[in-house]
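A quick write-up on the structure given underneath.
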Ligand SMILES: [Zn+2]
Ligand SMILES: [Zn+2]
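Residue numbers (my numbering): 54 to 199.
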């Protein structure tokens, strides 16, 4: 991956981080970039080895922390797999949810959120202050279902 391209593609990220009081570190940019450039969801060790291609000294603990932060910011979501493991993928800033193919591991995103309205209704009804929700679909993509 070329450095220039990498920076250009991440231009909005800096503003995004700063607006939320987070620093735009090379590690955060690298993890985001690796996930964005992968059509498939990636495990922590896959992310680690890819990030090390351009940040050779980064440790696994940093990858863990970075993923936590990116998850908190809503840029990355955990993909829960059938075997109880999980991996990671990016979602768009406008609140997306992943559709995950269990055969080829590719992730497709859908933007509409049926939960939003439901959680507002639930909040009103129960007085519970709902802050977030998780939603993902597992299945076979068009290529794999044949
Ligand atoms: Zn597939
Ligand atoms: Zn949602």
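Ideal Cβ positions, reconstructed from N, Cα and C, are used throughout, including at glycine.
This one's a predicted model, so the numbers in the text were calculated from it and none came from an experiment.
Of all alpha-carbon atoms in 158, 127 and 153, the one lying nearest the alpha-carbon of residue 66 is that of 127.
Distance from the CA of residue 89 to the CA of residue 161, rounded to the nearest whole angstrom, comes to 12 angstroms. Taking residue 132 as the centre and dropping the five residues before and after it, the same chain places the C-beta of 94, 139, 140, 141, 142, 151, 153, 160 and 189 closer than 8 angstroms to its C-beta, in chain order.
Between the alpha carbons of residue 71 and residue 85 lies a distance of about 16 angstroms. Looking at the backbone, the Cα of residue 135 and that of residue 156 are separated by about 11 angstroms.
When 91, 177, 113 and 108 are compared, the shortest CA-CA separation from residue 98 is found for 113.
Excluding sequence positions up to five before and after residue 101, its CB lies within less than 8 angstroms of the CB of 111, 113 and 116, all in the same chain and listed in chain order.
Here residue 76 carries a coil assignment [DSSP, helix/strand/coil]. Straight-line measurement puts the Cα of residue 195 at about 33 angstroms from the Cα of residue 64.
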